[in-house]
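Under mature numbering (1 follows the signal peptide of the UniProt record, and there is no 0), the residues of the sequence shown are numbered -16 to -1, 1 to 378, in order. See below for the structure under consideration.
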Amino acid sequence: MLSWIPLLLVLPIVGASPGDSLIAFQDCIYQCEQTTCYGNPYNVIQEEFREEFQKPESRYEWKYYNGDWHFARMPLAWNLRLLLWNCQSNCDYQCQRVITFERKKRNQEIYQFHGKWPFLRIFGIQEFVSVVFSLCNLYVNYLGLLKLWKARKMASDPKHKTQFNNVIAMTIITIFAWIFSSIFHIRDFQVTEHLDYYFAGLTVLSSFHTLGARLFNLYRDKYWFWRTLFTVVCIAAYTAHVYRLVTDWSYTYNMRANITVGLVQNCFLIGVCYNLYSKYYEEETSPDDNKGKTINLSHLQYVKFRHLILPSFFSRSAKLYSLYPLLLTFIVTVGMSLEIFDFPPFFYDLIDAHSLWHLVTIFPAWLGWYDWMIWDITENVYGHIVEVEKKKKE
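Shown next as structure tokens:
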């Protein structure tokens, strides 16, 4: 989340996309709509009365006509109509491509249009690669949900399931976030954009809730009141957040809110990892151990080595493995920095910084994030509950 801060600072001074105000782009859209959508050969009349139309006192506006600009004829292909493209939106897309192609030929700067780069449309999908990577994220998180559900079913003690429920709820929300991300990148409408933003914010807040409950041991029965209060506060905060966006949509506010919650969430994660590391460090260096150094290897039964970064290091002990989420978080933070160093799409105008960011987010879920959480809940959370209850009986 730290990598978003420089972007946040420049947001208030960012204006409309420069491509929107290009005269050539506006003339292109006019030409496409008149000739394609309305069947109006306006260029014939404009050429005949050009001198009259170009006079300052003329009531009519003269529009530039380029005979080299060619547009798709109506009706649109069925796959475009299925994705709700119409003649006007199709003209907008075609003119983005036409003007971008011309600017590339002249070695001019590539501009964004309507806040987006001029991607090459595939099967009617606006941002094909972002959709593919969003679906990959959906898939790996779905696999994680299956792992969590299986581990929860194996937990016989209801007290063991409390933190599992938090993590499962977070994962389901994350899956829905990637569903709406995919839909938004397929077709950019106001409703698809807003749903993408709402669920992205809900994902951040659900992670905040899950990690907060883990750090402050709210899974214990004695903390039922604080656990309930914390959940109610999070729900109320999200409701207020959505209400704020519905009544007064603001990209700047939305980003600030998500960054704030995300930074606190990362602090919670650091706290959890620090506590676990300290616990296993004390076990290894306990002066009461007459047999020498004791290394806890409980995590090995949860780890899949082919889905683990630096397996020779993190498989050495539970102490080292307790720090594994920090590496995954670092990878995500580095990937998120791609959003700051934005650049025009390459590889046939299909891949940009945002799609690469979606690629990076696949790896944490695939490379052991869910394995780590199952290990933590089973060995540490439930182990803590059992230890506390044992001390009570003594």
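Ideal Cβ positions, reconstructed from N, Cα and C, are used throughout, including at glycine. Predicted model, so just to flag it, every value in this text is computed and none were measured.
Q) How close, in whole Å, do the beta carbons of I163 and L132 come, if the pair is a contact with beta carbons under 8 Å? A) Not really, about 18 Å apart at Cβ, beyond 8 Å.
Q | Where the alpha helix (DSSP H) through E373 begins and ends | A | 366 to 377
Q) Is A349 buried or exposed, if buried means 16 or more other CB atoms sit within 10 Å of its CB? A) buried
Q: Determine the burial state of L351: buried for a count of at least 16 other Cβ atoms within 10 Å of its Cβ, exposed for fewer.
A: buried
Q: State yes or no: is the C-beta of L186 within less than 8 Å of the C-beta of I159?
A: no
(Q) Does S166 pass the burial test, meaning 16 or more other C-beta atoms within 10 Å, or should it be called exposed? (A) S166 comes out buried.
Q.
Please return the same chain residues whose Cβ sits closer than 7 Å to the Cβ of E373, not counting the five positions on each side in sequence.
A. none
Q. Do you know offhand how far P2's Cα is from Y286's?
A. 51 Å
Q. At what residues does the alpha helix (DSSP H) containing I293 begin and finish?
A. Counted as a single uninterrupted DSSP element, the stretch harbouring I293 is not any alpha helix (DSSP H), since DSSP gives it neither H nor E.
Q) Apart from the five residues on each side of it in sequence, which residues of its chain come closer than 8 Å, Cβ to Cβ, to F252? A) F192, L195, G196, R198, L199
Q: Please name the residue, chosen from F331, Y308, C71, that lies closest to Y258 on a Cα-to-Cα basis.
A: Y308
Q: Might you give, ordered along the chain, the residues of its own chain that have their beta carbon closer than 6 Å to the beta carbon of P295, omitting 5 neighbours on each side?
A: F289
Q. Whose C-alpha, out of I315, W356, K47, F85, is nearest the C-alpha of Y333?
A. For the record, residue 333 in the displayed sequence is Asp; it is not Tyr. Considering only alpha carbons, the answer is F85.
Q. CB-CB under 8 Å to V115, same chain, minus the five flanking residues each way: which ones, in chain order?
A. I109, S166, H169, I170
Q. Which stretch, first to last residue, makes up the alpha helix (DSSP H) that contains P142?
A. Start and end: 142 to 170.
Q. Closest by CA to I7, which one among Y48, Y22, P25, N24?
A. Ranked by Cα distance from I7, the first of Y48, Y22, P25, N24 is Y48.
Q: Tell me whether I106 sits in a helix, a strand or coil according to DSSP, three-state version.
A: strand
Q | Whether A161 touches A184 by CB criterion (8 Å) | A | With respect to A184, A161 sits close: the two C-beta atoms are nearer than 8 Å.
**Q.** Top-ranked residue by Cα proximity to Y366, from Q18, Y237, D11, D205
**A.** D205
**Q.** Backbone CA spacing between N149 and Y261 [nearest angstrom]
**A.** 24 Å
Q: Please say whether P102 and Q80 have beta carbons closer to each other than 8 Å?
A: yes
Q. Residues bridged to K303 by DSSP?
A. Under DSSP, no beta-bridge partner is assigned to K303.
Q. Hey, A56 and N27 are a contact pair by Cβ (cut 8 Å); roughly how many whole angstroms apart?
A. That belief does not hold up - the Cβ atoms of A56 and N27 are roughly 18 Å apart, past 8 Å.
(Q) For the stretch 305 to 319 against the stretch 87 to 99, do three or more pairs of beta-carbon atoms, one drawn from each stretch, fall closer than 8 Å, so that the two count as touching? (A) Flag = no, the stretch 305 to 319 and the stretch 87 to 99 do not touch.
(Q) I'd like the ranges of any alpha helix (DSSP H) spanning at least 4 consecutive residues and lying wholly in the stretch 170 to 199. (A) 174 to 199
Q. Distance, Cα to Cα, S270 vs T223?
A. 48 Å
Q: Between the Cα of R211 and those of C218, L202, I219, spot the shortest distance and give me the residue it belongs to.
A: L202
Q.
Could you pull the DSSP bridge partners for K100 from this structure?
A. F97
(Q) Can you tell me where the alpha helix (DSSP H) holding N91 begins and where it ends? (A) Run containing N91: none; DSSP gives neither H nor E here.
Q.
Taking the alpha-carbon of V344 as reference, which of H54, V113, M58 has the nearest alpha-carbon?
A. V113
Q | Bridge partner(s) assigned by DSSP for F330 | A | F330 is bridged by DSSP to I335.
Q. Taking the runs of the alpha helix (DSSP H) that are 4 residues or longer, which of them lie wholly in the stretch 52 to 85?
A. 62 to 66
Q | Exposure label - N63; buried when at least 16 CB within 10 Å | A | exposed
(Q) Quick check: the Cα distance between P328 and V82, rounded to an integer number of angstroms? (A) 16 Å
Q: Out of F331, D326, D355, Y354, state which residue places its alpha-carbon closest to the alpha-carbon of W341.
A: D326
Q. Leaving out five residues before and five after Y14 in sequence, what residues of the same chain have Cβ atoms less than 8 Å from its Cβ?
A. K47
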